[in-house]
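Colleague: As you go down the protein sequences, you meet chains A and B in turn.
Note that the numbering used here has the first sequence beginning at 1, numbered continuously upward.
Note that the numbering used here has the second sequence beginning at 319, numbered continuously upward.
Input: one structure, supplied below.
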Amino acid sequence: MSSSSDEDESYKMYKDRPEWNDVKSVPQDDGPAPVVQIAYSEKFKDVFDYFRAVMAMNEKSERALELTGSAIELNPANYTVWHYRREVLKALKKDIAVEMKFLSQIIMEQQKNYQVWHHRRALVEWSQDFSEELDFTADIISRDQKNYHAWQHRQWVIQEFEQWDGELDFIDKLLEQDVRNNSAWNERYFVIEHTTGFTDEVVKREIEYAIKKINLATKNESAWSYLRGVLQDKGLTWSKSLCDQIHSWRGEGLRSPHLAAFLLDMFDEDLEKKKCDVNKTMDKVRSLCKELAEDTDTVRRKYWNFVLQRMTKEYEVK
Amino acid sequence: MDWLEKGDGDMKLNDDEGLATYSSIEQEGVEHNVMKKFKDFEELMDIQPEIFLTRDRHIDYLLKGLNMLSKSYECLDASRPWLCYWIVHSLNLLEEEIPGVMKSRICKFLGKCQHPKGGFGGGPGQIAHLAPTYAAVNCLSCLQTEEAYNTINRNTLLEFLWRMRQADGSFTMHDDGETDTRSIYCAVSAASLTGLLNEDLELFNNSVQWLVRCQTYEGGMGGCPGAEAHGGYTFCGYAALVILDHYKLVDTDRMLRWVTNKQMKMEGGFQGRTNKLVDACYSFWQGGLLPLIHNTLEQEGGVEGEVAEAQETWLYDQMALQHYVLHCCQCSFGGLIDKPGKSRDYYHTCYALSGLSSSQHCPNNHAIHVGPKTNVLVAVHPAYNLTYDSVQKAMHHFGNLPLPSQ
Chain A
1 MSSSSDEDES YKMYKDRPEW NDVKSVPQDD GPAPVVQIAY SEKFKDVFDY FRAVMAMNEK
61 SERALELTGS AIELNPANYT VWHYRREVLK ALKKDIAVEM KFLSQIIMEQ QKNYQVWHHR
121 RALVEWSQDF SEELDFTADI ISRDQKNYHA WQHRQWVIQE FEQWDGELDF IDKLLEQDVR
181 NNSAWNERYF VIEHTTGFTD EVVKREIEYA IKKINLATKN ESAWSYLRGV LQDKGLTWSK
241 SLCDQIHSWR GEGLRSPHLA AFLLDMFDED LEKKKCDVNK TMDKVRSLCK ELAEDTDTVR
301 RKYWNFVLQR MTKEYEVK
Chain B
319 MDWLEKGDGD MKLNDDEGLA TYSSIEQEGV EHNVMKKFKD FEELMDIQPE IFLTRDRHID
379 YLLKGLNMLS KSYECLDASR PWLCYWIVHS LNLLEEEIPG VMKSRICKFL GKCQHPKGGF
439 GGGPGQIAHL APTYAAVNCL SCLQTEEAYN TINRNTLLEF LWRMRQADGS FTMHDDGETD
499 TRSIYCAVSA ASLTGLLNED LELFNNSVQW LVRCQTYEGG MGGCPGAEAH GGYTFCGYAA
559 LVILDHYKLV DTDRMLRWVT NKQMKMEGGF QGRTNKLVDA CYSFWQGGLL PLIHNTLEQE
619 GGVEGEVAEA QETWLYDQMA LQHYVLHCCQ CSFGGLIDKP GKSRDYYHTC YALSGLSSSQ
679 HCPNNHAIHV GPKTNVLVAV HPAYNLTYDS VQKAMHHFGN LPLPSQ
């Protein structure tokens, strides 16, 4: 679909199109003294005046379909138009593949719009044809690695049609390009959660994976959150080799606040399980909180002070 | 700029640790622009020691938009109740009185946006959608007049909400529309303000469980179960749970850890997702979570509750956030922006001001403010993002009305 402009000489206003002669356009009823009035162009007013007329008549024809196309071009966020377009497509039993081609071009131009992505999902639901979806979302993601709609649509397709194979590889490639891509990390968790689950074997593997990635950029929050995430059920102190790695990193003098926070949470676990000397551990806790609040993570000093107060009350006062 | 020099100094700036990726390059670009703003101010401090919220300019921008908007707003033609709410709420925050005649005009216009089958659409003649419904109810609550309250057809509103409800507890945004975390919040908020929420209401029966599934391993919430933790969706999900009184089902610790980590150490503002960029609108979506979490911790009691109660401020750096909004996000022609280099719009104006307000008012009602006292805005109710007056008056008005029969 070519994007027409006000200067496009071949564009004719609907009021000047003979095939629309029979329709009386319906102006917008904002009331006598409206607010937030938009200075619509003549072209915009014309298209929507005719759209209102068509909706009032409930006309589901080819020309109505074309009209919705014009309206979408002028305001792709008008969900009423998209809704009506779907009704027309159904009534005319239009070829979904053709509609998908039309839609794909629009999505390329409007990658962050809710309505276009919802329309895509509706089409896939009708046709049950998901064959292009992984490639399409991969393409969008290659242009904008964190496009929320693209990832959400991709997750829906993968889950709905059980297309889990190859997704971990896809994620690996993205993380090789940018280890800080949090959308990719989130996808990794999603895939594992719905396939193998976080079994002992899988958790061990994922710990190794996270450690490798952390070594590339120790201040990368995504990798640390992921590490925490895979150990959600087992606890942060579950893996001895991980504990050793944590202490080893500290020994090397790594200043990442995420490392200090992880160690802090490990101490919290030890204290909760009564697996350690309370006084010695609380001394270390105090020292870590001080390091974070006053030195390496000062913007979060209120939070670290809260954590310290809480742990003190919980473990020392008792 | 002492907050920039405190503690780790250099560590405030992004350290890509020798591995530059798209994320780190983008971040460094933003830090460069933000640092320039802070330094520009520092250089002029002898002449102008204080940073002002340029109230008058923002008010002019808001009043202008309340009346007329340029052709570039055609893209928001399906969001006009939002424009009403963003503008009216911002004026409320700035304590700018809206004349009765204008209030009446707004009521009548929103009435035109109301659909005969219930709920409000993005403009006259558009089908109803939960987002403009939320915005219209909020805006009418801001106006605090009988005419405003009477504009809402509660009967059809309830019918609309029921139509949007899905079996699994989620809500679609409109007839055959998309489902995500926003919709439940919009429905809960509108129902709550108009006195439609009561113990017998089964409307939100499974919604709580659906929302809880939206919390990810990171601690924030996504647009739907499985989706990445995101500030906007987290606010919607959590505020809905607070209004429904089911906030305890969330892993509060994890959420608190996540949201505090979203405050940018150099810029002072918040990012929406991990490893993404600061944006002034998250001053509210993210910053506004902390008062809600504080309330949860207090209610939950125990050691956490006691410690929470003893806090005089929220658990984030409120002053750093205010510095970001005031130094970096005010457009010199009025209105506020996402970050330096971006254009102003009414959405960012609303949420930057809302976030600023939230950061100025502490748990025990005392205010802390960067710049003169005149920078202090009216306080907002953290779950609705309306002034407390607006919430109370609406609930009082509708609370006295009988429930529509279902």
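Virtual Cβ for every residue (Gly too), placed ideally from N, Cα, C.
1) Kindly give me the distance between the Cβ atoms of GLY383(B) and ILE405(B), rounded to whole angstroms, as I take these residues to be in contact under 8 angstroms.
2) Is there a Cβ of chain A sitting closer than 7 angstroms to that of GLU496(B), yes or no?
3) Grouping DSSP H, G and I as helix and E and B as strand, with all else coil, what is THR499(B)?
4) How long is the line joining the alpha carbons of SER127(A) and ILE96(A), rounded to whole angstroms?
5) Check whether the Cβ atoms of HIS564(B) and GLY590(B) lie closer than 7 angstroms to each other.
6) Counting only beta-carbon atoms, is SER3(A) nearer than 7 angstroms to chain B?
7) Put ALA685(B) into one of helix, strand or coil per three-state DSSP.
8) Using a C-beta to C-beta distance shorter than 8 angstroms, which residues of chain B count as neighbours of ILE106(A)?
9) State buried or exposed for GLY513(B), treating a residue as buried only when at least 16 other CB atoms are found within 10 Å of its CB.
10) Alpha carbon to alpha carbon, how far is MET266(A) from MET637(B)? Give it in angstroms, no decimals.
11) In three-state terms, what does DSSP make of ARG483(B)?
12) Taking 8 angstroms as the limit between beta carbons, can you name the residues of its chain near SER3(A), skipping five residues before and five after?
13) Please report the residue range of the alpha helix (DSSP H) in which PHE602(B) lies.
14) Can you tell me whether HIS714(B) is buried or exposed? The criterion is at least 16 other CB atoms within 10 Å of its CB, across all chains shown.
15) At 4 residues or longer, what runs of the alpha helix (DSSP H) sit wholly inside the segment 62-135 of chain A?
16) Would you say GLU187(A) and VAL157(A) are within 7 angstroms of each other, going by their C-beta atoms?
17) Let me check you understand the geometry: is the CB of GLU346(B) closer than 6 angstroms to at least one non-hydrogen atom of the ligand ZN?
18) Return yes when the Cβ of LEU67(A) is within less than 7 angstroms of the Cβ of TYR84(A), no when it is not.
19) Under 8 angstroms Cβ-Cβ, which residues of chain A neighbour GLN581(B)?
20) Out of LYS435(B), ALA485(B), ILE502(B), state which residue places its alpha-carbon closest to the alpha-carbon of ASN473(B).
21) For chain B, is any of its Cβ atoms less than 7 angstroms away from the one on LYS313(A)?
22) Could you tell me which chain B residues have their CB closer than 8 angstroms to the CB of TYR40(A), listed as they occur along the chain?
23) Below 7 angstroms on C-beta distance, what does PHE262(A) contact in chain B?
24) With distances taken between CB atoms, is the gap from PRO690(B) to GLU368(B) smaller than 7 angstroms?
25) Rounded C-beta distance between ASN524(B) and ASP486(B)? I'm assuming under 8 angstroms.
26) Select from the segment 74-87 of chain A all residues with a C-beta closer than 7 angstroms to any C-beta belonging to chain B, and list them in chain order.
27) On the premise that ALA39(A) lies in contact with SER388(B), defined as a C-beta separation below 8 angstroms, what is that separation, rounded to the nearest angstrom?
28) On the three-pair Cβ rule with 8 angstroms, is the segment 45-61 of chain A touching the segment 86-96 of chain A?
29) Straight-line CA distance for SER222(A) to ASN468(B)?
30) Is the beta carbon of VAL621(B) less than 7 angstroms from the beta carbon of LYS273(A)?
31) Would you grab the beta carbon distance between VAL508(B) and THR451(B) for me? Rounded to a whole angstrom, and I think it's under 8 angstroms.
32) Are the beta-carbon atoms of LEU674(B) and LEU704(B) separated by less than 7 angstroms?
33) Can you tell me whether HIS641(B) is buried or exposed? The criterion is at least 16 other CB atoms within 10 Å of its CB, across all chains shown.
34) With distances taken from CA atoms, which of ARG255(A), LEU259(A), ARG17(A) is nearest LEU236(A)?
35) Does any residue of chain A bring its CB to less than 7 angstroms from the CB of ALA338(B)?
36) Would DSSP call PHE190(A) helix, strand or coil?
Modeller: Short version:
1) That belief holds up - the Cβ atoms of GLY383(B) and ILE405(B) are roughly 6 angstroms apart, short of 8 angstroms.
2) At least one chain A Cβ lies under 7 angstroms of GLU496(B).
3) helix
4) When only Cα atoms are considered, SER127(A) and ILE96(A) end up about 7 angstroms apart.
5) no
6) For SER3(A), the pLDDT reaches just 49, beneath the cut-off of 50, and the residue's location in the model is therefore unreliable, although a value from the coordinates is still provided. It does not: the Cβ of SER3(A) has no partner Cβ on chain B nearer than 7 angstroms.
7) strand
8) Correct list: empty, because the minimum Cβ distance to chain B is about 14 angstroms.
9) buried
10) 31 angstroms
11) strand
12) Here SER3(A) scores only 49 on pLDDT, less than 50, and its place in the model should not be relied on; the value that follows carries that caveat. Closer than 8 angstroms at Cβ, skipping near neighbours: GLU73, GLU109.
13) In this chain, the alpha helix (DSSP H) harbouring PHE602(B) covers 600-603.
14) exposed
15) 62-74, 79-92, 96-109, 114-127
16) Annotated as distal: GLU187(A) and VAL157(A), with beta-carbon spacing of 7 angstroms or more.
17) Inclusion of the ligand ZN in the displayed structure is not the case, the ligand content being empty and no account of it being possible.
18) LEU67(A) sits away from TYR84(A), with the two beta carbons spaced by 7 angstroms or more.
19) In chain order: VAL299, ARG300.
20) Of the residues LYS435(B), ALA485(B), ILE502(B), the one whose Cα lies closest to the Cα of ASN473(B) is LYS435(B).
21) yes
22) LYS389, GLU392, ASP395
23) Per Cβ cutoff of 7 angstroms: no residues; PHE262(A) is ~11 angstroms from chain B at best.
24) yes
25) 6 angstroms
26) If the cut-off is 7 angstroms between Cβ atoms, the segment 74-87 of chain A has LEU74, ASN75, ALA77, ASN78, TYR79, THR80, HIS83, ARG86 near chain B.
27) 6 angstroms
28) yes
29) 49 angstroms
30) Taking 7 angstroms as the Cβ cut-off, VAL621(B) and LYS273(A) do not qualify as a contacting pair.
31) Inspection of the sequence shows that residue 508(B) is occupied by Ala rather than by Val. About 6 angstroms; that satisfies the 8 angstroms criterion.
32) no
33) Counting Cβ neighbours within 10 Å, HIS641(B) comes out buried, since at least 16 surround it.
34) LEU259(A)
35) no
36) helix
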